[in-house]
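Residue numbers (the numbering used here), protein chains in the order written: chain P, 291 to 588; chain C, 1147 to 1519; chain G, 2 to 211.
Where a beta carbon is used, it is the ideal one built from N, C-alpha and C, also for glycine.
All values derive from a computational prediction rather than experimental measurement.
Below is one structure; the comments refer to it alone.
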Amino acid sequence: MASIREFLTLPRDRQRRYNFAYLDEHSKREVRRRLLKAVAIPGHQVPFASRELPIARGWGTGGLQITLALIGPHDVLKVIDQGADDSVNAVNLRQLIVRTTGVRTTTDTRHATVVQTRHRIPEEPMTADQVLVLQVPEPEPLRHVEPSTVRARRMHAEGDYSAMWVRLYEDVVRWGEVTISSQYPVRVHRRYVMDPTPIPRWDVPRLHRAEVLYLFGAGREKRLYAVPPFTEVEPLAFDDVPFRVEEFGGARCRRCGSEASFLNASFDPVTGARTFVCSDTDYCTRRMAALRFEETAR
Amino acid sequence: MGYVAARGGVEAIEQAQQLARYFRLRGGSAPVDVRQIQEQLRFAVDRVMGEGSLYSPFHAALALKQTESDVSESALMLRAFASTCPRSHVSGVARTAEMRVVRRISAAFQEVPGGQMLGPTRDYAQRLFEFALCDEREEHVREFLAQYVNGARIETDGASPVFPKVLDVLRAEGMVASPPRRAAAEADRPFDITRKALTFPAPRSARLQALARGDTGGLLAFAYSSMRGYGDVHPTIGDLRVGYMPLRVCHPEHGVPVMAGWVLATEAEVIARFAAPEGNGGPMFTVGYGLCFGHNELKAICMAVLDRAMNEPVATAPAENEEFVLSHVDPVESSGFALHYKLPHYVTFQADVARLQAAQLHAAHRKADGVDS
Amino acid sequence: MISPGQGARDDVLETQAAFRALLDGLARPGTVTHLPAPPHAPTGVDPRLLQVALVLLDAEVTFATAGDGALARYVGLLTGSRVTVPEGAAFLLASGSAPVAEIEALPAGTAECPEDGATVVLAVRRCSPARPAVRAAAADSEAPVEVVLTGPGIEFEAKVWITGLDPANLAVLARRNAEFPLGIDAFVVSESGEVIGLPRTVCFARRTAR
């Protein structure tokens, strides 16, 4: 498929029986309407009539519906999972989007206009020309203190987050600090408490007053939400027990040497030794290329 | 590092798919015909149509072939396919009283208006293996069909048999309340959970739609809990019928109803313990209703039991809690989420490790300080 | 021959581009974004209001106009959306050059469902990020209104100049949006397709340039 125009000018029966970007226009319209409301009400979960897609629920259908509703022929797409472009989930999603749109793709965060991600925010600061679409497994930040979505919705409506604060306080009393590792609850625009998806604490500060637009899609739970640029996003914390990001005990990435990125522990397949590698493969690869360039330049 | 190898992801997926194909074919047996599945494995086909929420026996059969009869995966395929189909018409209300009944039983009375009709059922067969099926050949099939069809005695006066609803009889005798009047808006346009997000309490049409698309096993587990005592629905089946329902759509120009086709469905109406209804009537039996695509008696009965359970004004058991039941019976959502745990979670796990280490450090300090942990 | 419920053109990509202009405009209030070329509209029907309607409206939602019967009929025909009174409308399409009283009556959502607040689309003459040159003899309605915006989506503050917008419409929006998260969201769309998004979170002051 050489280009999008070519795709659309094929006679209907020779097209792959699917609309541009897979979803029919009606489905896109529903997602688009709901996205606009999500952007207008930062941090609030907007219910939407999530469609079934040829990818299982729980595997990114919410993020995918957002990307499919947004994406156009001039976009450049990047899809990552756990920070990696080549993770099987990312590959699968990217293939579906490319098959039904023909858009260009990239692994370089700087060149992408739409980035769809699972569980990480790229290390490279994103800009006003970009959109980050996050896949959400569980949109409701209150679910651990209130499993009923009906009651949780009422708590959000009343701004009554006392149950959440009690839970955090109990953590501090027991363990010395809040033990929530990922999906750390944040307060958006000083109003709604929001689940930022299972990004590590490392990535939470990136949400605050960012240049990029953040869109969140939960397909199975059928909720969309958003954090516009330059919006206040604060992790819930106590004055005397501040929010901390992860520490890696002085470890560096064994590939690029970075100490300033989120590192994954892994085990050398041959020696079994524990090593650390950047989770963001694009960041790591570009750093390595820059280091090699520096070396050859010297 | 196989799962996230640089540039290995695409190849790994392709190889996995080829290997799956190999697993399907390696025995060397003749490939299964989609038609054979459609005709000879009808309960699987019907279950897939019901959970896939798309009435298309062909697509259900093809999905079963493609997925090697993974019912959950097949339902997902039908749902995804249905998502792409444009909706050109909405049928008029389908009346189950017009059903061309294939099977109809009632447990409430020994004899019922219209009669008890066993239909095609193995309910009363002994569950012993018929090893002769291993040698079944096409000529046996032809022979049987010729013999059975030619030997059939057809008694008819031309009119279709009528099977009045047992519930209607009980209503006429004042034992069952008439269905409550629905809000006019709901009567005109049933709630469509594929077009609007479900919220609770759910309109009745939304509840029934969610149950109709529900996972047979999930509905069974919840309904069974209710029958067993977590809740109190001891149903008597007033009517269980299986048959073909006519669907009609309104002609876009002439405005007259036009037959679109026949849909095989199973319907269950159950009668449960009596209660005082809303309003000023005396005590009446309470009822529950179930309807699903294809021949699936287990699902229809469980739907009806759950429908009745969820009508309890105060939920004292899980099966009576509408939000709890409806949030957990969708097969595509539940299986998708359960299986998503197979996806890489190493970043979140790394984050968990960091927090554990911090907590262990804290506990160690407390111990060293002589503070009780 | 236009079939009911279908777009006037098979323009999947045009609709996508138009949507991105609306999304970016709403996410960054005060940044002027641009719609692609508008669809054909019969005389008397604002092509930009029609364009936005084609992106967002269908049989699932209701809309209202400020008494513009021709617009209501045409939009209803093309999108399948149902026209209704403002009290029950999800969308309001109107010219912004005169006060639009209907904004007062639009739903602003509820505490549990603030997303049920309506969306207003106001057609104006021009939007620009810089103060436009003004002809000395221009009528008052042609005077560009300077609007200063703060809030989510804006780094510090954003200034836009809108020609052909009655300031009363901004005042009524501000009033209806006083109790976040309830509120009404708005798009201002110019003849040449410039878009300004005004989510309910935005705060504005205005000055009339002269």
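Which residues in chain P have a C-beta closer than 9 Å to the C-beta of residue i? List them in chain order.
i	result
G/L57	R319, R322, R323 and L326
G/V13	L298, N309, F310, A311, E315 and K318
According to the neighbour-count rule (16 or more other Cβ atoms, all chains shown, within 10 Å of its Cβ), is residue i buried or exposed?
i	result
C/Y1492	buried
C/M1456	buried
C/L1264	exposed
G/S96	buried
P/K368	buried
P/Q305	Because the pLDDT at P/Q305 is just 44, under 50, the model does not fix this residue reliably, and the point stays unresolved.
C/F1189	exposed
P/E342	buried
C/C1438	buried
C/G1316	Per the sequence presented here, residue 1316 of chain C reads as Leu, with Gly not at that position. With 16 or more Cβ atoms within 10 Å of its Cβ, C/L1316 is classed as buried.
G/V33	buried
P/K512	buried
P/F557	exposed
C/C1280	exposed
G/P5	With a pLDDT of only 33 at G/P5, under 50, the local geometry of the prediction cannot be trusted, and no value is derived from it.
P/T399	buried
I need the boundaries of the alpha helix (DSSP H) containing residue i, first residue and last residue.
i	result
C/V1478	P1477 to H1486
P/G353	T351 to L360
P/K318	E315 to A330
C/Q1161	G1155 to L1171
C/Y1294	E1284 to G1297
C/Q1182	V1180 to Q1186
What does the alpha-carbon distance come out to for the pair residue i and residue j?
i	j	result
P/G466	C/T1494	21 Å
G/A210	P/E524	Note that G/A210 scores a pLDDT of 49, beneath 50, so its modelled location is shaky; the value from the coordinates is reported in the next line. Going by the C-alpha atoms only, they are around 38 Å apart.
C/A1206	C/E1413	21 Å
C/P1477	C/A1352	16 Å
P/A579	P/D572	11 Å
C/M1531	C/P1459	Because chain C spans 1147 through 1519 in this model, residue 1531 of chain C falls outside it and cannot be assessed.
P/Y482	P/E460	22 Å
P/D322	P/D365	Checking the sequence, you will find Arg at residue 322 of chain P rather than Asp. Spanning the two alpha carbons is a distance of roughly 17 Å.
G/W162	P/D570	42 Å
C/R1233	P/R319	15 Å
C/S1252	P/V517	57 Å
G/G89	C/E1479	33 Å
C/E1319	C/I1417	14 Å
P/F520	G/V125	28 Å
G/D11	P/D314	The predicted position of G/D11 is uncertain, since its pLDDT is 47 and thus under 50; no value can be drawn from it.
P/F338	P/V426	14 Å
G/V190	P/Y504	24 Å
Does the ligand MG have a heavy atom nearer than 7 Å to the CB of residue i?
i	result
G/P37	Within the structure as shown, the ligand MG is missing, as the structure has no ligands at all.
Mapping DSSP to helix, strand and coil, what is residue i?
i	result
C/K1513	helix
P/Y482	strand
P/H498	coil
G/K1	Any answer about residue 1 of chain G is impossible in this case: the structure gives chain G only from 2 up to 211.
P/N309	strand
P/E414	coil
G/I197	strand
G/E147	strand
C/Q1496	helix
P/M578	helix
C/G1196	helix
Specify, as a first and last residue, the run of the beta strand (DSSP E) that residue i falls within.
i	result
P/N247	Lying outside 291 to 588, the shown extent of chain P, residue 247 of chain P is not represented and no answer is given.
P/K512	No beta strand (DSSP E) contains P/K512, which DSSP labels as neither H nor E.
G/P48	Segment P48 to L57 is the alpha helix (DSSP H) holding G/P48; no beta strand (DSSP E) there.
P/L367	V366 to D371
G/S96	F92 to S96
C/P1392	T1382 to C1396
Can you pull the chain G residues whose beta carbon is under 9 Å from the beta carbon of residue i, in chain order?
i	result
P/H316	D59, A60 and E61
P/L599	Chain P is shown only over 291 to 588; residue 599 of chain P falls outside these bounds and no answer can be derived.
Give me the chain C residues within the contact set of residue i, using Cβ-Cβ distance strictly less than 7 Å, ordered along the chain.
i	result
P/S548	Simply none; closest approach about 15 Å.
Given that residue i touches chain P, what residues does it touch there, using C-beta distances under 7 Å?
i	result
G/A28	V329, L503, P518 and P519
So which residues of chain G does residue i contact, with C-beta pairs closer than 7 Å?
i	result
P/V336	E116
Just the chain C side, please: which residues come within less than 8 Å of residue i by C-beta, in chain order?
i	result
P/E342	L1222, R1225, A1226, A1228, S1229 and V1478
Strictly below 8 Å CB to CB, what residues from chain G border residue i?
i	result
P/R444	E113
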